[in-house]
Every structure is written in C-alpha cells, then in structure tokens.
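A short worksheet on the structure shown next.
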Amino acid sequence: MVVRTMDAARGNMELDNQTTVENGSNGNSGKSEVEAAVGLDQDRIHISPVPKYFGFKQFKKLLEKHLSGITIGKIRQMKFDAYVSFKSAEDAQAAISKLNGLEVKKTVLRAQLAQSEQKTVLPKDTQTYKVRTARESVTKLADVPYTEQLLQKTRTSLKLCERLIAEMRKANVDGVNQLLPVELLKEIKPSPKTTGYRNKCEFTIGLTHEGQVCVGFVGGRFSNNEHYVIPIGDVDNITLMTKRIVEAVTNFVQASGLPPFDEFSRVGVWKMLTVRQFGADVMLILTVNPFGDHNQEEKLKQEFCARFLNSSTFLEDGFRVTSLYWHSVANSSDQVDYEHIGGCPYIYESVLGCRFRVSPSAFFQTNSQAAAVLYTTKLDERET
C-alpha cells in the first residue's frame, strides 16, 4: 500500500511512490493507522489510467462486465482518471481485486482506494472568491484593440513556424535550411466584422456559482470539483438576437421546474442550447438527458415549439426562430440523433454568391464574413 511520509521539519505530507508497508501481526490496527495518515475513502476507488478515447458509456459497461454482482454507485470519469463509489468498504475492496492489473486496450488499469477529498473552508473575513465573467473567460482579448490582436496572432504564428522548421531539421527534411518563418507566414487579413459575428453558439445549461439556473458558459475546473455556469453578460462576439434567445430559454428552463443536468452526479434534464443564426434564419437545438417518462418529454417538446415558433416572439421578444431540434443524449460518445420537432428542417447562408444549406450537424465557418475573405484570398492566389 502506498503511504505518505511525514516531513517532521515542515509538517508537510508528501506522497512517496516508493514507500510501502507490511501489515504486522495486528493487521487491523496497522491498516487503520496507514489509512488515517493517507486519508483514504473506504467505499470509493481511484482507477487510472483510463484508456484513450474511452467514453463514459464504454467505461460504465466495462465496470458492469467485470464487477458483476457488485452494486456500482456514482461514477466520475475524467481524461486520465476515474472515481467509482460503492455501498460498502467490502464492495470497494472486491472491485479493486477485480480491476487492479486488468488490461484494457493495451492499458493496464491500477485500482486503489481513493484519497479523501479535502474541502477548504475559508475564514469569514477572507476576501470573497471572484468568479470571472464570460467576457473575461470566453473573449480574453475583447478589450485589446483589434490591430493589436492581429499583431499578437502574427507573433504567435511566427513562433509556431520556427518550431515547425526546427522539427523538420530534426527529421532531415530536404531544403529546410532555405526556409524562413517570415517567408512561410503570409499576412493575416482582418475580418470585416469583429463584433456580433458568431453564427453558431453553444451554451451550457446549469447552475451559477450562486446556485441559480442559467444558460451560459462553463466556469470552474472539473479537476478542482468546480463546475458552474457563467451568464453570457456583455460578450460582444454574440449577436443581440442570440442573447435575447438565451434569455428566453433561461426563463423556459426555470419555468419547467426540472433541474439542469449535473456532470458529477449525472442526473438532471437540461444540458445544452445551440443557436445557429444566418440572418433571418435561426435554428435552435435543445440538448437534454434522456427522459424516463416519454409522455413528459413529448409535452416539453410541444411547449418548446409553442414558445419559440410563435409569430409574437419577434414583436414581443425581439427574435425570430425558424427551425427547432430536440437532442436527447446520455453521453457525449453516443451516436448523435437530432429530432426535428418544428419549423423548417434547414437554414441557409449565402457567401460570395453561393447559397449553402445547413443542417444541425453540418460544419460552417462561425464567422461568415471572415469566411468570405478566406475564400476570396484563395481564389485570388489560384488566379495569380
């Protein structure tokens, strides 16, 4: 068993991967002393590393297959690690015996009791933690002049070119010594539109730092057990119509009385709102956790259509929706299946005289005006 060694001089606990202990004749007392020092949860295990490209659904099936007969509780999966809770310490130990050393997709799993999560309690007179705004989190350069933003992008791109050339030299690529970063990188052309330009926005539905239902952007870090949603506020790359739609959907979700989906406990209903806007064509995609009650889900679909496919929304709310989709999905790795529930099945965009038909899953440049500059530049290069 891995233990932490106490640094007597500093009183700090350090993890020593090379130190092990053997339980003595009094096995129970020895075990409790070690676990007390380390701070281990008796009914929760830590599994690592999680195989690459292993989705939550796939990981859950793996556990169900190898832990048959053991009741599995809460599962929390991250990129490289996973934590699984059980009803008892005995179940946790049984799971460790079955999973530790198991090879999955050329990856050998290591299973052990999870370290207890320490909760930091701030003193009352401590300054209140400042949650960053959406403008600070999503558009970090929003307050930097656009010309300076382009200069920063140019400098970053030049450094990337330098690293690329260095890698090419290591690989003994012919002619690499004649390459210069300033010659490889062409001038970055500005976008004709720098505010309110996004034609596609994805918003998470969850709780704010204060516990209020919100449609916005994700804040916090999963690694720190932090997950909250930031209101969109004054983010200026989003159109005014999209902001009005987000406000209306927030009210719709709140009025439903159903909770947002919680990523840690994996319970709840509302997950995400996608807004795709091309001029007067607006598509909404509402993503939800699968319902157990089919009738309740159908009722919500009807209410969603009645609220947003209503001619009065333009005059009363300042937005117009032409297409509605419902997306029910349990895990991000599941097959995408968009259900058309109202309005037109497609929306359309025109760039350089070409008309594009856009479906819910179709890719399209998020800045249509900048896309026109890109295509024009490539056409001009072809002609010269």
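Per the UniProt record's numbering, the sequence shown starts with residue 1, numbered consecutively. Even for Gly, the Cβ is constructed at its ideal location relative to N, Cα and C. Bear in mind the structure is a predicted one, so any value in this text is a computation, not a measurement.
Proximity of residue i and residue j at Cβ, strictly below 8 Å
i: Ser88; j: Lys74; result: no
i: Ala94; j: Ala111; result: no
i: Asp334; j: Lys57; result: yes
i: Ser332; j: Gly55; result: yes
i: Leu109; j: Leu99; result: yes
i: Leu40; j: Ser97; result: no
i: Ile341; j: Leu352; result: no
i: Ser328; j: Pro360; result: no
i: Ile165; j: Ala92; result: no
i: Val288; j: Trp270; result: yes
i: Thr204; j: Met272; result: yes
i: Ile232; j: Lys243; result: yes
i: Leu344; j: Thr322; result: At residue 344 the sequence reads Cys, which differs from the Leu that was named. Yes, the Cβ-Cβ distance between Cys344 and Thr322 is below 8 Å.
i: Glu162; j: Pro181; result: yes
i: Phe252; j: Arg307; result: yes
i: Pro192; j: Val373; result: yes
Where residue i sits in the DSSP three-state scheme
i: Lys52; result: coil
i: Asp380; result: helix
i: Ala114; result: strand
i: Gln212; result: coil
i: Lys271; result: strand
i: Cys354; result: strand
i: Val336; result: coil
i: Ile96; result: helix
i: Arg44; result: strand
i: Val373; result: helix
i: Pro181; result: helix
i: Phe59; result: helix
i: Leu67; result: coil
i: Asp125; result: The pLDDT assigned to Asp125 is 42, lower than 50, so where the model puts this residue is not dependable; a value taken from the coordinates is nonetheless given after this. Three-state result, Asp125: coil.
i: Phe217; result: strand
i: Thr139; result: coil
i: Leu309; result: coil
i: Phe314; result: helix
i: Phe252; result: helix
i: Ile341; result: strand
i: Ile188; result: coil
i: Phe304; result: helix
i: Thr133; result: coil
i: Ile165; result: helix
i: Ile238; result: coil
i: Val173; result: coil
i: Ala89; result: helix
i: Ser361; result: coil
i: Arg320; result: coil
i: Lys193; result: coil
i: Val246; result: helix
i: residue 436; result: In the structure displayed, the chain extends from 1 to 384; residue 436 sits before or after that span and is not available.
Whole-number beta carbon distance between residue j and residue i, since they are thought to touch under 8 Å
i: residue 388; j: Tyr197; result: Look at the range of the chain in this structure, 1 to 384, and you will see that residue 388 is not part of it.
i: Val213; j: Thr274; result: Not really, about 18 Å apart at Cβ, beyond 8 Å.
i: Arg132; j: Gly206; result: Actually they do not touch by this definition, with Cβ atoms about 16 Å apart.
i: Phe59; j: Ser137; result: 29 Å between Cβ atoms; not a contact.
i: Tyr338; j: Ile285; result: 7 Å
Contacts around residue i, its chain only, beta-carbon distance under 8 Å, and the 5 residues preceding and following it disregarded
i: Ile188; result: Leu150, Lys153, Thr154, Ser157
i: Ser32; result: With a pLDDT of 41 at Ser32, under the threshold of 50, the predicted position of this residue should be treated as unreliable, though the coordinate-derived value follows. So no residue of the chain qualifies.
i: Glu349; result: Asn199, Phe278, Gly279, Asp281, Arg355, Phe356, Val358, Phe364, Ser368
i: Glu226; result: Gly219, Gly220
i: Met241; result: Gln277, Val282, Gly318, Phe319, Arg320
i: Asp236; result: Arg135, Thr139, Ala142, Thr195, Gly196
i: Lys105; result: Pro51, Lys52, Phe54
i: Thr366; result: Tyr197, Arg198, Asn199, Lys200
Beta-bridge partners of residue i, as assigned by DSSP
i: Arg198; result: Asn367
i: Asp262; result: Val267
i: Arg76; result: Tyr83
i: Thr107; result: Val104
i: Glu349; result: Phe356
i: Ile285; result: Thr274, Tyr325
i: Tyr228; result: Gly219
i: Ile205; result: Val215
Same chain, Cβ closer than 7 Å to residue i, neighbours up to 5 away in sequence not counted
i: Arg320; result: Ala280, Val282, Thr313, Phe314
i: Leu160; result: none
i: residue 389; result: One cannot answer for residue 389 here, as it falls past the ends of the chain, which runs 1 to 384.
Close-in-space but distant-in-sequence residues of the same chain around residue i (CB under 6 Å, 5 per side omitted)
i: Asp81; result: Ser48
i: Ile72; result: Leu63
i: Glu297; result: Phe291
i: Ser25; result: Its pLDDT being 39, under 50, Ser25 is placed unreliably in this model, and the coordinates cannot settle the point.
i: Lys301; result: Trp326, Ile341
i: Leu184; result: Cys161
i: Asp262; result: Gly268
i: Gln215; result: The residue asked about is misnamed: residue 215 is Val in this sequence, not Gln. These residues qualify, in order along the chain: Phe203, Ile205, Val246, Val249, Thr250, Leu273.
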